[in-house]
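Structure, as structure tokens:
Residue numbers (my numbering): 77 to 811.
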């Protein structure tokens, strides 16, 4: 009955703590042998087969124990990310894709010339295009013709490169002795032959870095110190020069606000020597109004457009009337035309090259769905385009086409090339030129479709939203009297949104017989400022209450087993998970991936971008203490598993270590897995896979009361849980 299992980690040191034991691997291949029980001999009872329909058989087995082809390897391999798009001089698309199989390396890739061709890597293997400004990055490159400027991950210097050339990239910023000066969100200024970008300088202070908008000369023989154009505020974004090179628009904001709380849009005029000699605040200057302008863009005709939420609390598209210094809404709608500026380089709209120059291609988000359309700002009309993608992130206009970063309930994150009719009224054709998972179609029979649910919160008459995924596997069914276990996810941010698009991570659970729900608790984006503001002063209360209300709602409706409710989350979602376990008794177990446990410690140790975030979300020092799970370990009553990257600057490793140690001393079942080389979010394929498998085993053994069908080598903590589970099964059979 007993068998010996070996756990392999092919590349990466990791740390694993459980009950006082400590394991560390060195780089390279190592084996760790752990005794485990053979899963094939441990399933309680026997599986049944049932004739259905046309003679096909379904296997009757407990929820959670179903076999699925959507393996952890498949999920980890599909965790590719996109880091921005742009069109080159020959009309082809360039984008950044991060590759888990290359330890998360961010690679610049170009669309092939032939439709059936293979995308081309355009930077050498020892380079990676990723910036660490605000830690979350974005806006790591700019393309002008065939000239490419990008931020190199290792040293954070800017490099210039000719796409298709045979020379290696050459640096255009000084060597500061390490990645202490960072750049993002830039563009080439042709008039003065320079590169204008946001600079974040850590030379004087790592925690309190200074931000500015700077210019880098491009025609000089020597590399010189960047010249500061705008400085003095805490944060800057989106410096955009008009086509004539006479004006520049940009965003700025200050602590304690995040950009989506309150920001300002400015325009400055260049003198003949390239300095800004006149500045005008276009939007956000009124201190009495909460406004967050975003995405300034100059049209080919030199008119300034941007997005703001000053009217009705929804991010809509506006135009600046320069002669009267007034702004006008182009198409008022109770929908969101952009999303929070967590990363640089968000591109929710673009100008369509057509006669008249009045056409803007854009998307908006309403009721959990994205809509794509053409906005004619001269006629204030909006023509919705029919495409099978319900989740749109970024849009770039190409020659006679559009490029979309999009997804749907059956399409994973993809780059879609869209050809419109000549009248711009319909989609003539579309093709997927990149996908985060090329094998998705073969798993489609196993997909669970999300159901949009609206559930009551603890506030009378108030509701919140979620995407519910029922368990589904075409080969399996459960006993009629069994309800499925539930895994609830609280999204990160907390100013973010669950979007209902295809994630193989979710299908990994549902195809094994778990119900899954992705909650848009109060404070989420996509529903306007009023909904987003529910979390102001209430983080750790509204999000926790809404997650608990959602789980109870599903249990009361008979969709899930109310005695097998689990919760997990990443980053801020990890905090919501820990807070729910500390302050509520709804869930039976939880997982936190790089989540917050101590809010006061977070304020002391986190990076500048979020260092004052809790001022608006929490408020007083007393509230910081009262809502920190680490201060109320005595209230935890159920098991917790923690995963943490050791290079995380957003939520430093001490957070996970403190909660692990405190729960261990109390005697609560707890495990901590730490990964070297990982930051805020796991990018290495082996670590993504390991974290997913251990969560599955953790929830199955401690809450699900079943053994997963997959052969997963457990950490010692889960071995002991397994032994207790077998004893429980044997006792139940004897009874």
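All C-beta atoms, glycine included, are put in the ideal place defined by N, C-alpha and C. Owing to the predicted nature of the structure, the values given are computational and were not obtained by experimental measurement.
- DSSP places residue 149 outside any beta strand (DSSP E); the residue lies instead in the alpha helix (DSSP H), whose first and last residues are 148 to 153.
- A distance below 8 Å between beta-carbons, with the five flanking residues on each side excluded, links residue 712 to the following residues of its chain, in chain order: 657, 658, 705, 739, 742, 744.
- Between the stretch 304 to 315 and the stretch 264 to 283, the count of Cβ pairs shorter than 8 Å is three or higher; the stretches touch.
- The stretch 625 to 641 makes no contact with the stretch 680 to 690, as fewer than three CB pairs between them are under 8 Å.
- Looking at the DSSP output, residue 481 bridges to 470, 491.
- For residue 596, the enclosing beta strand (DSSP E) begins and ends at 591 to 596.
- Look at residue 307 here: in three-state DSSP terms it is strand.
- Within the stretch 596 to 682, the runs of alpha helix (DSSP H) that reach at least 4 residues and sit entirely inside it are, in chain order, 605 to 608, 618 to 632, 648 to 659, 675 to 681.
- Taking 8 Å as the cut-off, the Cβ atoms of residue 674 and residue 731 count as close.
- According to the DSSP secondary-structure assignment, residue 312 is paired through a beta bridge with 328.
- The alpha carbon of residue 582 has as its nearest neighbour, out of 554, 763, 461, 547, the alpha carbon of 547.
- In the DSSP assignment, residue 763 falls within the unbroken alpha helix (DSSP H) covering 761 to 775.
- Pairing residue 163 with residue 680, the inter-Cα distance amounts to about 41 Å.
- For residue 732, no beta strand (DSSP E) segment is defined; the enclosing uninterrupted segment is the alpha helix (DSSP H) at 730 to 742.
- For residue 263, the beta-bridge partners assigned by DSSP are 272.
- Only buried fits residue 562, as 16 or more other CB atoms lie within 10 angstroms of its CB.
- Per the Cβ contact rule, the stretch 484 to 499 is in contact with the stretch 562 to 578 (3 or more Cβ pairs under 8 Å).
- The residues 168, in chain order, have a CB closer than 8 Å to that of residue 189 in the same chain once the five nearest residues on each side in sequence are set aside.
- For the pair residue 397 and residue 243, the Cα-to-Cα distance works out to about 45 Å.
- Residue environment analysis places residue 727 among the buried positions, since at least 16 neighbouring C-beta atoms fall within 10 angstroms of its C-beta.
- The distance from the Cβ of residue 677 to that of residue 690 is about 11 Å, inconsistent with a contact at the 8 Å cut-off.
- Taking a contact to require three or more Cβ pairs closer than 8 Å, the stretch 646 to 657 and the stretch 602 to 622 qualify as touching.
- Under the DSSP assignment, residue 396 falls in the beta strand (DSSP E) whose first and last residues are 392 to 397.
- The Cβ atoms of residue 277 and residue 306 do not sit closer than 8 Å to each other.
- DSSP lists 184 as the bridge partner or partners of residue 172.
- Under DSSP, residue 342 forms a beta bridge with 326, 357.
- The beta carbon of residue 638 sits closer than 6 Å to the beta carbons of 631 from its chain, once the five residues preceding and following it are set aside; these are given in chain order.
- Of all C-beta pairs linking the stretch 759 to 771 to the stretch 143 to 154, three or more are shorter than 8 Å, placing the two stretches in contact.
- When rounded, the separation of the alpha-carbon atoms in residue 511 and residue 347 is 45 Å.
- Scanning 695, 785, 533, 474 for the CA closest to the CA of residue 584 turns up 785.
- At the C-beta level, residue 408 and residue 392 come within 8 Å of one another.
- When the beta-carbon positions are compared, residue 492 and residue 423 stay at least 8 Å from each other.
- The Cβ-Cβ distance between residue 142 and residue 549 falls below 8 Å.
- Taking all protein chains in view, the Cβ of residue 467 is crowded by 16 or more other Cβ atoms within 10 Å, so the residue is classified as buried.
- For residue 701, there is no enclosing beta strand (DSSP E); the enclosing alpha helix (DSSP H) has its first and last residue at 697 to 702.
- Rounded to whole angstroms, the Cβ separation of residue 403 and residue 359 is 6 Å, and the two are in contact under 8 Å.
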